[in-house]
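Residue numbers (the numbering used here): 21 to 190.
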């Protein structure tokens, strides 16, 4: 009798997903790909993990570009220095001892460029949020379909046509 109970318990536990759909959603919302690992979907986990790493790296780079553009917005570049017409030599400042600038050029970081850099940064933040939401939705669906036995395969046939085969066990 206890052997039958043990077999029934194993059969019932095989149909229970390792995570509830709600928990899978929340875990993947916090850490993209984590629930996919727990639900034994390593390819999905790798995809969401790689997307997260790339998005964070690019958001960091965009933030550095934005900071550099803001910092240099009020800066300028010296084009020419004052020259003494009698000697032809560069005039030095009496206080600092450095050459006196004659003409300047504004920095290339105009307000339009700063706005573009800010938009670029915001786009990468949106990509991170999108990755979190899609990972969570995928985990939710995977947890709900845990006991749905379907096997999908695709390939090219000998006649050079695409073929998709789905096997469903009842």
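The beta carbon of each residue, even a glycine, is placed where N, CA and C say it ideally should be.
- Under the three-state reduction of DSSP, residue 98 is assigned to strand.
- Around residue 100, the same chain offers 122 and 123 as residues with beta carbons nearer than 6 Å, after the five sequence neighbours per side are excluded.
- If you look at residue 123, you'll find it in the beta strand (DSSP E) that goes 121-126.
- Beta bridge pairing from DSSP links residue 129 with no other residue.
- Residue 43 and residue 78 have their alpha carbons spaced roughly 29 Å apart.
- Per DSSP, the continuous alpha helix (DSSP H) segment holding residue 71 begins and ends at 62-92.
- The three-state secondary structure of residue 183, taken from DSSP, is strand.
- The Cβ atoms of residue 111 and residue 104 lie closer than 7 Å to each other.
- Bridge pairing for residue 110: 103 [DSSP].
- If you compare the alpha carbons of 38, 51, 171 and 163 with that of residue 68, the shortest gap goes to 51.
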